[in-house]
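Shown next, in structure tokens, is the structure this report addresses.
2 protein chains.
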Amino acid sequence: MPTKKPGNSSSQPTSKPTQKTIAEITGLAVTTVSRALKGDDKIAQATRLRVNKVADEIGYFPDPAAQRLRTGKTKIVSLILDPHNEILGFGNSLITGVAHRLASTDYHLNITPQFLQEDPMEPVEHIVRNRLADGLILSRTCPFDERVRFLRERNFPFATHGRTEFGYQHSYVDYDNEKFAYESVLRLMQKGRRRICIILPPAQFTFCQHLNYGYMRAIRQQGLDCHIPKGITLDSDMPEVFEWAQSIVQQENAPDGFICPGETSFLAIANAYRQAGKERGRDFDAVVKSSSTTLNQIDPHIDTINEDIQEAGLLLATNLLKAMEQPEGPFAQTIQNPEITFEPLKTNRTDR
Amino acid sequence: MPTKKPGNSSSQPTSKPTQKTIAEITGLAVTTVSRALKGDDKIAQATRLRVNKVADEIGYFPDPAAQRLRTGKTKIVSLILDPHNEILGFGNSLITGVAHRLASTDYHLNITPQFLQEDPMEPVEHIVRNRLADGLILSRTCPFDERVRFLRERNFPFATHGRTEFGYQHSYVDYDNEKFAYESVLRLMQKGRRRICIILPPAQFTFCQHLNYGYMRAIRQQGLDCHIPKGITLDSDMPEVFEWAQSIVQQENAPDGFICPGETSFLAIANAYRQAGKERGRDFDAVVKSSSTTLNQIDPHIDTINEDIQEAGLLLATNLLKAMEQPEGPFAQTIQNPEITFEPLKTNRTDR
DNA sequence: CATATCACTTATAACGTTATAAATATCAGT
DNA sequence: ACTGATATTTATAACGTTATAAGTGATATG
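Protein sequence lines correspond, in order, to chains F and V. Heads up: the first sequence is residues 1 to 352, going by my numbering. Heads up: the second sequence is residues 353 to 704, going by my numbering.
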């Protein structure tokens with residue numbers, strides 16, 4: 001016996017309840033049911049209550065496909081995830097944050113992977129052209145990010161993790177990387193370091209500029225030399241960074257202070273230095289941007305500055321929800337403040 | 353000027369092309385266009401080619417909402433993600449793997465977060481009842497997993513990361529945790545360790561049993577004592593594990609060998625032991641299940657056994673795709689083999 | 001009493017697709 | 001030319017929802 005018949009639904013208690021089911025039970029028209037469920041003022045309150053009661057009783061849930069077809073609203077937020085080199089779950093934390101924020105709404109979260117070899121515009125264009133989502137979250141912006149320009153031109157709601165340098169506004173969440181870099185230099189100086197090196201992200205990203213500004217500002221202020229490795233970035237994989245660190249550690253003017261905006265680079269560098277007999281705290285120091293407590297478990301004395309990625313996801317979702325309500329703006333923009341929790345310095349640090 | 357009018361689409365080159373647009377251009381009926389696009393034999397090949405050519409030219413893309421409403425197929429795979437305690441991007445790797453596999457299909461990936469306080473059945477029931485996806489991927493199964501039973505009863509396609517102990521079959525991908533535990537014991541014995549401790553996952557999960565079997569089998573075979581900490585699991589957070597390790601390290605019969613099926617537990621234990629003056633390699637050893645090269649960058653000499661999570665995602669998606677094609681089975685089942693890459697032992701190991 | 005106003009309800013059509021059944025054209029065999 | 005078979009195309013309806021416009025009564029106004 002087939003489970004579905006084309007017959008009317010009232011004779012089929014097993015099939016999924018629709019507004020039609022409610023209409024048949026209450027004796028109302030489907031239109032009335034639809035509007036009652038929407039809470040329309042024009043429907044008598046008694047009717048609204050009755051409809052909602054029946055809906056609850058029979059376990060009615062609106063068909064997303066039908067709503068989407070009719071309204072054009074997908075109720076989907078798509079997070080375009082760029083699987084860059086990261087260990088401590090950047091993507092995962094971001095997803096968790098976004099998901100938490102969306103859980104109390106009727107939006108669903110969709111992950112669109114950005115494959116490395118692929119044109120970054122491709123998924124964006126595809127989603128916009130075919131209305132595969134109502135809103136988009138992008139990460140790792142460039143100063144004049146093509147994707148941002150495209151989305152702004154079409155008034156498609158989005159929020160980015162990272163700023164741009166366009167003349168117009170858009171929703172974003174960013175981390176104060178300039179402050180991170182600046183404070184890191186000062187901290188390393190406090191520890192007596194003078195040859196301070198920063199690992200930067202690939203140059204095209206906005207946050208590379210920010211890190212660079214903060215670093216350079218501090219370096220100039222303090223009259224230090226600038227140490228920026230060629231060919232090594234935040235996205236270089238660990239063996240690469242390791243090899244590079246091995247190649248410089250024996251040099252006379254090898255850096256004795258490192259600013260690592262990512263945990264992996266630090267681990268690779270520390271490993272290379274350790275193998276060369278250099279000890280962290282005695283021969284070199286580092287300030288590492290960390291997104292979890294893991295690094296401090298590996299070594300509680302490493303100076304870390306925190307970036308709360310899960311919160312970033314939460315904020316991104318919040319800002320995007322606003323942008324979807326009001327596609328013309330104003331746009332919510334949030335800068336996350338670096339959480340600095342350095343240990344107090346020992347007074348006899350210089351002779352250690 | 354408004355961009356959309358209710359008028360016919362041929363006069364509106366800006367609006368999204370539909371089958372109707374193609375029908376108007378080719379002079380065919382919409383039905384014919386639909387079937388031609390599907391590659392139906394009953395449509396003349398010349399027509400099929402012509403329709404496809406026009407579709408390409410005008411950039412036709414089928415409306416997922418309409419297809420979904422009409423066919424009931426969502427073309428969505430939902431991954432239910434349990435944000436358990438993990439550092440090195442388990443969720444992220446799994447997503448990446450699944451996404452890669454789905455990229456060549458017309459399925460989209462949807463992430464449904466499983467919040468800790470929430471009933472695990474809730475998202476599953478919701479998705480099945482309201483047909484929010486065509487297939488489901490679950491992680492961390494229990495031997496008699498409610499979710500699995502529910503899905504099997506309704507013939508809803510799914511694949512799990514982890515086995516169950518039901519009498520019936522279903523698609524899964526799992527890791528040979530028994531072998532992992534067994535080989536780990538042997539390795540630690542080779543290194544001269546006799547008080548070998550294993551950190552187990554929470555007892556309700558199937559893979560806890562597997563780890564336990566492997567461990568106990570080796571322990572008995574070798575005539576060792578069993579060391580399983582009470583109150584500490586794979587999901588305990590790092591400070592908890594750290595404290596526990598601190599509390600045991602000074603005991604006379606403190607473990608000198610650890611089997612860690614997760615990186616975090618190892619880091620916390622190693623940290624506590626280090627602080628107590630114990631050195632890895634000299635005073636204790638560990639075998640750690642690792643899903644990336646990160647740990648070996650922290651210390652290349654740590655014995656690790658690999659679990660390729662991204663591959664697991666790929667396999668899960670592959671197996672699920674099969675299950676969606678044939679909901680009655682047979683079900684693809686894959687066991688991932690532990691990748692063991694121990695360094696050869698030094699011959700003078702006993703006196704180190 | 002006719003009509004305007006209000007509060008509420010409803011019929012109709014449409015979103016874009018596809019399953020079903022029906023229709024048309026083509027052709028071979030008589 | 002008629003029949004039947006085959007190949008190809010088409011009309012119709014339906015999936016479940018909602019926007020639009022139209023329809024009820026009931027009450028108030030002139």
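Think of the CB as a built atom: it goes at the ideal place given N, C-alpha and C, for glycine as much as any other residue. Source: prediction; values computed, not measured.
Strictly under 8 Å for the Cβ-Cβ distance: is V:F594 near chain F by that measure?
yes
Can you name the residues of chain F whose CB is closer than 8 Å to the CB of V:M590?
T293, T294, Q297
V:I432: which of V:N444, V:Y524, V:P475 sits nearest, CA to CA?
V:P475
What did DSSP end up calling V:P435 once you bin it into helix, strand or coil?
coil
Using 8 Å as the threshold, is the C-beta distance between F:I305 and F:I335 below it?
no
Is F:G59 buried or exposed, if buried means 16 or more other CB atoms sit within 10 Å of its CB?
exposed
Give the C-beta separation of V:A485 and V:T448 to the nearest angstrom, bearing in mind that I take them to be a contact with Cβ-Cβ under 8 Å.
Not quite, the Cβ-Cβ distance comes to about 19 Å (not below 8 Å), so this is no contact.
Would DSSP call V:K372 helix, strand or coil?
helix
Would a check of beta-carbon distances place F:R68 closer than 8 Å to chain V?
yes
Could you give the DSSP three-state label for V:E474: helix, strand or coil?
helix
Thinking just about the alpha-carbon of each residue, which of V:F636, V:D635, V:I650, V:A628 is nearest to the one in F:F266?
V:I650
What residue range is occupied by the uninterrupted beta strand (DSSP E) comprising F:I305?
303 to 306
Candidates F:Q310, F:A29, F:P113, F:C260: closest to F:S292 by CA position:
F:Q310
Beta-carbon contacts of V:R400 that lie in its chain and below 6 Å, excluding the five residues immediately before and after
A388
What residues of chain F sit near V:I584, judged by a beta carbon separation below 8 Å?
Going along chain F, no residue has its Cβ under 8 Å from V:I584, so there is no contact; the nearest lies around 15 Å.
Just to confirm my understanding: we take F:D174, look at its own chain, exclude 5 residues before and 5 after, and list those with CB closer than 6 Å. What are they?
G162, R163, I335
Can you list, in chain order, the residues of the region 144 to 168 of chain F whose Cβ is nearer than 9 Å to any Cβ on chain V?
none
According to DSSP, residues forming a beta bridge with F:R280
F:F284
Would you identify the three-state DSSP class for V:F413, choosing helix, strand or coil?
coil
Out of curiosity, what's the CA-to-CA distance linking F:N253 and F:D237?
24 Å
Residue-level contact to chain V via CB, F:G91, 8 Å cutoff
yes
Would you mind sorting V:H653 into buried or exposed? The rule is 16 or more other CB atoms within 10 Å of its CB.
exposed
Where F:Q336 falls: helix, strand or coil (DSSP):
strand
Going by beta-carbon coordinates alone, are V:V480 and V:Y459 separated by less than 8 Å?
no
The region 586 to 601 of chain V touching the region 550 to 564 of chain V, judged by at least three CB pairs closer than 8 Å
yes
I want to verify the contact list: residues of chain F whose CB lies under 7 Å from the CB of V:I463, in sequence order.
I95, A99, L109, I111
Range covered by the alpha helix (DSSP H) that runs through V:A675:
661 to 677
Find the residues of chain F that neighbour V:F413, judging by a C-beta separation of less than 9 Å, and give them in chain order.
H126, R129, N130
In three-state terms, what does DSSP make of F:T350?
With a pLDDT of 46 at F:T350, under the threshold of 50, the modelled position of this residue cannot be trusted; read the value that follows with caution. Three-state DSSP puts F:T350 in a helix.
Report the neighbours of F:T18 on chain V: residues whose CB is nearer than 8 Å to its CB, in chain order.
Those do not exist, as F:T18 stays about 12 Å from chain V at its closest Cβ, beyond 8 Å.
Using beta-carbon positions only, say whether F:V287 and F:L211 come within less than 8 Å of one another.
no
F:D303 classed as buried or exposed, judged by whether at least 16 other C-beta atoms fall within 10 angstroms
buried
What would DSSP say about V:T512, mapped onto helix, strand or coil?
strand
Name the DSSP bridge partner or partners of V:S523?
V:A511
Quick check: V:V537 and V:H522, are their CB atoms within less than 8 Å of each other?
no
Would you say F:N253 reaches chain V, if we count a Cβ-Cβ gap shorter than 8 Å as a contact?
no
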